[in-house]
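Structure first, then comments.
There are 2 protein chains.
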Amino acid sequence: MVASQEPPRLAHRVTVVGGGFAGLYAARSLGIDPEVRLTLVDRRNFPLFQPLLYQVATGALSPGDIAQPLRSILHKQRNTTVILGEAVGIDPDRREVLLADGGPIAYDTLIVATGAHHTYFDHPEWAAIAPGLKTVEDATEIRRRILIAFEAAEREADPDLRRAWMTFVIVGGGPTGVELAGALGEIAHDTLRRDFRAIRPGEARIILIEAIDRILPPYPPGRSASAQRQLERLGVEVRTRTRVVHLDEEGVRVTGPDGTAETIPSRTVLWAAGVLTAKFARTVAAATGAATDRAGRVIVEPDLTIPGHPEIFVVGDAAVQPWKPDHPTPGVAQGAIQGGSHAARVIRRRVLGRPYEPFRYSDHGDVAVIGRLSGVTNIGWLGPFGQQGGFTAWLLWLGIHILYLIGFSNRIVVLVRWAWTFLTHGRGTRLITGSELLPPIGEPEPPVMAPLDPDEVVAAGD
Amino acid sequence: MVASQEPPRLAHRVTVVGGGFAGLYAARSLGIDPEVRLTLVDRRNFPLFQPLLYQVATGALSPGDIAQPLRSILHKQRNTTVILGEAVGIDPDRREVLLADGGPIAYDTLIVATGAHHTYFDHPEWAAIAPGLKTVEDATEIRRRILIAFEAAEREADPDLRRAWMTFVIVGGGPTGVELAGALGEIAHDTLRRDFRAIRPGEARIILIEAIDRILPPYPPGRSASAQRQLERLGVEVRTRTRVVHLDEEGVRVTGPDGTAETIPSRTVLWAAGVLTAKFARTVAAATGAATDRAGRVIVEPDLTIPGHPEIFVVGDAAVQPWKPDHPTPGVAQGAIQGGSHAARVIRRRVLGRPYEPFRYSDHGDVAVIGRLSGVTNIGWLGPFGQQGGFTAWLLWLGIHILYLIGFSNRIVVLVRWAWTFLTHGRGTRLITGSELLPPIGEPEPPVMAPLDPDEVVAAGD
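Order-wise, the sequence lines are chains A and B. Under our numbering, the first residue of the first sequence is numbered 1, with each subsequent residue one higher. Under our numbering, the first residue of the second sequence is numbered 463, with each subsequent residue one higher.
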C-alpha cells in the first residue's frame, strides 16, 4: 500500500465519537479541511433522522427512509476514516479513545457526540414492558406491538381483554409522546377504519400521561393547550399531573392530580419519558473530573469544551450546552446540529491560530405534528406569526423535515410516501416483523375465536 | 353489533391458507363474489414480493418497499375476513382447519397456498451458518452479514482473515443465487468502491456454486452461458458441477467436477439451494392420503385439487401443478399467480353450477437481472426475440417487476430508489440492524487495528 500522494505532515487529528446530528455536522464541517485528519467512531453504520422515528413506529415510513449509510455520506471526504466500533473508555493524558474491540485511537482534539437514550429511572424492569423510541429496532418493535394489539383484539372474545388490547398508554408528554399519540389516534380512527371485521379500531383508547401540568413543556402554555385540543379531537385522552407508579403486562397504575390511584388495563404501553446520556459521555466526565447534571449531561464551558481540557468537546444531547441564564440549549436536533458545527468551527480557527467566539444557540423554533393536517409551532423569530396551530403548523413541519433529511433519494421517497398516506389515508409500511409474529393469546385455555363463522363476521363488520 | 344488511344465506365458505402470490390472487379473484364468504389465514400480516427480496438483502430496497399489509390490500372486499394465525392441522371429514392458537375454521372449499421455504437437506445445522432468502428477516440478516463482512475486513490486520471476510460464497445457481451474486458483484466493484480506507471492496471474491453443469437450469443452455459470462464480467467466479460437502464458520468445503476437494475460507456463505414446501401442505397431504414429491409438494389432479377431495385445492409452490409431460409448472411467481387464480375460477363456476377447464400454465417467460444494466430473458412467445441478454433483458425485467408490485405507492418508491441507485451507483438502505451490531473480531486477542493512524489510512485509501 503505497501512498499516491504524500499526506500533509503534522495534520491535526480530530476524533469524533458518535455519528448522530452533532457528530455528523461536526464531521461534515471538518471534512474539507486539509489540515485535519478526521476519524469518526460509531456503533451503528448509519445516522438516524430521529425526528421522524415515530413515523417508522407508526408505519408511515420504513427504517431505510430515514437513515443513510455513514460511509456513503462521508465517502467524498478524503481526510475522513469511519470506524464501526464502540468507544468504551478514554485516557485523557495519552489522548486516546479506547474501543471495546480494537486498538486505541489517538486524538489531538476529541468531539464527544454520543447523544442520549431513554431511561426508566429506578425501574429498569419496565424496559421490557414499555419500549421507548430511540433506535430503528425500538421503532419496529413499537410498530409490531401496535399492529399485534389490533390483531389480538380482533381475535379476542373476552370483552375485558379485548378492551385491554385496544387501550394504548403513552408515558411522557414531550414532542415524541405527543407525536406518537397523534399518529396512534390517526391510525385508529382513519388508517385501520375498514381493515377489521370483529372490532372497530375507532373505539381504541389512547391515553397520554404527563407528570407536569401541561404537555409539550418546551412550548409556551398557549401552544400546549392548542396541542391538547388537537389531540383530544383525534380521540386521545390527555392526562396531565399524572404519574406512573407501577407498570406490568396487565396495565399501568397511575396517581392523578388529586393523589388518587387508578389502574388502567392496557397491553400496549409506550415510553416517551426520561432521558439519560449515553455511557461514553459519562465515562469521559469521570475521567476528566467534569460535572454532570441529573440526566448525565456533561457541564461544559461556553465554548463547549470540558473545564481544564480545551481539547475535548462535548456537544449535542451529551452536554448541557449553554443558552440563556438557567436555561440550557433544548435537547432537539437543532441544538445538536449547532453544537457539532460550533466545535468544528472552533477547531478550524484554532488550527489557523485565529480567535473564536463562544457557542451561541440560535433558536429556530419548534414544530410538532399532531396527526393529519394539524400541529403546533413555536418559532420566536417570526413574532406572533411563529405561534401557529393546525394546518399551517403541519405545512411548516413538512417543509422543515424534508429540508433536513440527509440523502436526496430519501427526501423523494419520504415525500412520495407522505403524499400517498395523505391521499389514501393508508400507511404502507405496517409490517409486523421480528421473532414473535403472532399475538399471544390472553387466556391459558384459548377461547372460541370471535370471527369463527365468516357469515357472522361480515355482518358484524358492516 | 347489528347487521346493517342481511348476509346471503348459505354462502359458500372458502378458506385460503397462505397469503403469498397464490393465496392473494385467489382471494382477490373471489373478493367480489357475493356467493362466497372468504377467510384468509396467514402467519404474517403482509405478503412479500419475493422476486425483489434479494434487493432488500443487498441494500437497494427497504422491506417496506416490497410488502403491503394484507388487511389493506383486502379491506375493500366486504366478503373477506383476514385472520393472523398459524394453520397447523386439518380435519378433512369435518372440513375444518385447525389453528395453533384459536378455534377451528370451517370451510366448504379449502385453498392451500402455503408456499415453500429453503432447506438444507440432511444438514439442518448449516442454517445458522448460511442463511437462506425467503423472509424479510432473512433479507435483513443477509444484508447485515454482507455489510458487517466489509466492516470487519476494514478492521482486520491479518491478511488471511481479511481475505476470508472478503470472500462471499453463494450456494445454488438458480435465479435467486444468480441475482444475489450479481448484486454482490455490483456492491463490491461499484457501490462500496470509495467507502473504505484500508480495504479495496473490488478485491472481494464472490463465488457462485452450482451442483449441476450450468447455472439457471430453467433457461435454455444458451441463456445459462450468457448469464455466466455476465456474472464473470462482474468479477463473480462461477463453479458448476461443484457440491458443498461441509460448511462451518471458517468456510466451505466443496468437491469439484473432477472429484477433488477444496476448502474455501469464507465468513459469509449464503444459501440459495434446496426447496421444501411449508409444513401445512404436507400435513394436508398426510391427512388426505395425497402423494408428495421429494420437495414435499402435493401431487394434485389436473384441476389442482387433491385426489378424492375436490373441495381441497393445493396451489403455487405447495403443489406439483401440471404443465408439460414430465415437466410441472416451474416454482416462479407466475406459476403461483396462475394457480391461485385458477382455483378461484373453478370455485366460482362450481358455485354457479357451470363446467370448468383443467389448469393450464401459460409460460410468460423468465427474466433475471445480473447487476447493473444487464440480465437474461427466456420468453417463449416472443420467439427469437425472447432470448435476450444484457441491457434489453434488464429493461424488460424492470418493467415486469414494477407491473406486478402490489400497492401503487410502493411502485413509485421502488422506481425512485432504482433511479437513484442507477444514477449515483449507491444503495441507500445499507443499514446494519439487529442485535449483533458489531463484527466479531477474528482472533482471541484483538490485533492492532489497521486504520490506527489516520494519516497512514488516508494515504492507503488513495
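C-beta: ideal position from N, C-alpha, C; glycine also. Owing to the predicted nature of the structure, the values given are computational and were not obtained by experimental measurement.
Chain-ordered chain A contacts of residue i [CB-CB under 8 Å]
{"i": "residue 613 of chain B", "result": "45, 84"}
{"i": "residue 560 of chain B", "result": "Within chain A, no residue comes near residue 560 of chain B; the closest Cβ sits about 11 Å away, beyond 8 Å."}
{"i": "residue 552 of chain B", "result": "What residue 552 of chain B touches in chain A: nothing, since even the nearest Cβ is about 16 Å away."}
{"i": "residue 573 of chain B", "result": "Within chain A, no residue comes near residue 573 of chain B; the closest Cβ sits about 14 Å away, beyond 8 Å."}
{"i": "residue 726 of chain B", "result": "What residue 726 of chain B touches in chain A: nothing, since even the nearest Cβ is about 25 Å away."}
{"i": "residue 809 of chain B", "result": "Going along chain A, no residue has its Cβ under 8 Å from residue 809 of chain B, so there is no contact; the nearest lies around 14 Å."}
Listed by chain order, chain A residues near residue i by CB distance under 7 Å
{"i": "residue 765 of chain B", "result": "Near residue 765 of chain B there are no residues of chain A at all, since even the closest Cβ is about 24 Å away, more than 7 Å."}
{"i": "residue 604 of chain B", "result": "None at all; the shortest Cβ gap to chain A is about 15 Å."}
{"i": "residue 799 of chain B", "result": "By Cβ distance, chain A contributes nothing, its closest Cβ being about 22 Å from residue 799 of chain B, past 7 Å."}
{"i": "residue 864 of chain B", "result": "Those do not exist, as residue 864 of chain B stays about 14 Å from chain A at its closest Cβ, beyond 7 Å."}
Those residues which DSSP pairs with residue i across a bridge
{"i": "residue 862 of chain B", "result": "None; residue 862 of chain B has no bridge partner."}
{"i": "residue 474 of chain A", "result": "The requested residue 474 of chain A does not occur in the structure, where chain A is confined to residues 1 to 462."}
{"i": "residue 98 of chain A", "result": "A/89"}
{"i": "residue 761 of chain B", "result": "B/782"}
{"i": "residue 568 of chain B", "result": "B/558"}
{"i": "residue 258 of chain A", "result": "Bridge partners of residue 258 of chain A: none, in fact."}
{"i": "residue 274 of chain A", "result": "Residue 274 of chain A is not bridged to any residue."}
{"i": "residue 168 of chain A", "result": "A/206, A/268"}
{"i": "residue 82 of chain A", "result": "A/40"}
{"i": "residue 573 of chain B", "result": "B/478, B/775"}
{"i": "residue 248 of chain A", "result": "A/251"}
{"i": "residue 116 of chain A", "result": "A/277"}
{"i": "residue 699 of chain B", "result": "B/669"}
{"i": "residue 367 of chain A", "result": "A/377"}
{"i": "residue 768 of chain B", "result": "B/771"}
Chain-ordered chain B contacts of residue i [CB-CB under 7 Å]
{"i": "residue 147 of chain A", "result": "507"}
Supposed close pair residue i, residue j - CB separation, criterion 8 Å
{"i": "residue 269 of chain A", "j": "residue 312 of chain A", "result": "The pair is not a contact, with the Cβ atoms about 39 Å apart (cut-off 8 Å)."}
{"i": "residue 623 of chain B", "j": "residue 516 of chain B", "result": "Going by Cβ atoms, the distance from residue 623 of chain B to residue 516 of chain B rounds to 27 Å, so no, they are not a contact pair."}
{"i": "residue 585 of chain B", "j": "residue 738 of chain B", "result": "Wrong, their Cβ atoms sit about 13 Å apart, outside the cutoff."}
{"i": "residue 522 of chain A", "j": "residue 894 of chain B", "result": "Since the displayed chain A opens at 1 and closes at 462, residue 522 of chain A lies outside it and no answer follows."}
{"i": "residue 709 of chain B", "j": "residue 592 of chain B", "result": "6 Å"}
{"i": "residue 560 of chain B", "j": "residue 553 of chain B", "result": "7 Å"}
{"i": "residue 219 of chain A", "j": "residue 65 of chain A", "result": "27 Å between Cβ atoms; not a contact."}
{"i": "residue 818 of chain B", "j": "residue 807 of chain B", "result": "7 Å"}
{"i": "residue 239 of chain A", "j": "residue 207 of chain A", "result": "6 Å"}
{"i": "residue 477 of chain B", "j": "residue 740 of chain B", "result": "Rounded, the Cβ-Cβ distance is 16 Å, inconsistent with contact."}
{"i": "residue 281 of chain A", "j": "residue 298 of chain A", "result": "6 Å"}
{"i": "residue 43 of chain A", "j": "residue 86 of chain A", "result": "5 Å"}
{"i": "residue 188 of chain A", "j": "residue 222 of chain A", "result": "In fact, because the Cβ distance is near 28 Å, the residues do not count as touching under 8 Å."}
{"i": "residue 58 of chain A", "j": "residue 183 of chain A", "result": "4 Å"}
{"i": "residue 402 of chain A", "j": "residue 413 of chain A", "result": "Not really, about 11 Å apart at Cβ, beyond 8 Å."}
Proximal chain B residues relative to residue i, where beta-carbon distance stays under 8 Å
{"i": "residue 95 of chain A", "result": "None at all; the shortest Cβ gap to chain B is about 13 Å."}
{"i": "residue 155 of chain A", "result": "545, 546, 547, 564"}
Listed by chain order, chain A residues near residue i by CB distance under 9 Å
{"i": "residue 676 of chain B", "result": "The premise fails here: residue 676 of chain B is roughly 35 Å from chain A at the closest Cβ pair, so nothing lies under 9 Å."}
Quiz item: Counting pairs of beta carbons, one from the segment 216–228 of chain A and one from the segment 253–269 of chain A, are three or more of them closer than 8 Å?
Solution: no
Quiz item: Are the segment 706–714 of chain B and the segment 604–614 of chain B touching by the rule of at least three beta carbon pairs closer than 8 Å?
Solution: no
Quiz item: Which residues, in order along the segment 525–537 of chain B, keep a beta-carbon less than 7 Å from a beta-carbon of chain A?
Solution: 525, 526, 527, 529, 530, 531, 533, 534, 537
Quiz item: Which residues, taken in chain order from the segment 643–670 of chain B, show a beta carbon closer than 9 Å to some beta carbon of chain A?
Solution: 653, 654, 655, 656, 657, 658, 659, 660
Exercise. Check whether the segment 195–208 of chain A touches the segment 517–537 of chain B, taking contact to mean three or more Cβ pairs, one atom from each stretch, closer than 8 Å.
Key: yes
Quiz item: Quick one: any contact between the segment 500–514 of chain B and the segment 784–792 of chain B, if contact means 3 or more CB pairs under 8 Å?
Solution: no
Quiz prompt | Chain-ordered residues of the segment 769–794 of chain B with a beta carbon less than 7 Å from chain A | solution = none
Quiz item: Is the number of C-beta pairs between the segment 290–306 of chain A and the segment 156–176 of chain A that are closer than 8 Å three or more?
Solution: no
Exercise. Flag this pair as touching only if the segment 629–642 of chain B and the segment 662–675 of chain B have three or more C-beta atom pairs under 8 Å; answer yes or no.
Key: yes
Quiz item: How do the segment 334–350 of chain A and the segment 314–323 of chain A stand: do at least 3 beta-carbon pairs fall below 8 Å, yes or no?
Solution: yes
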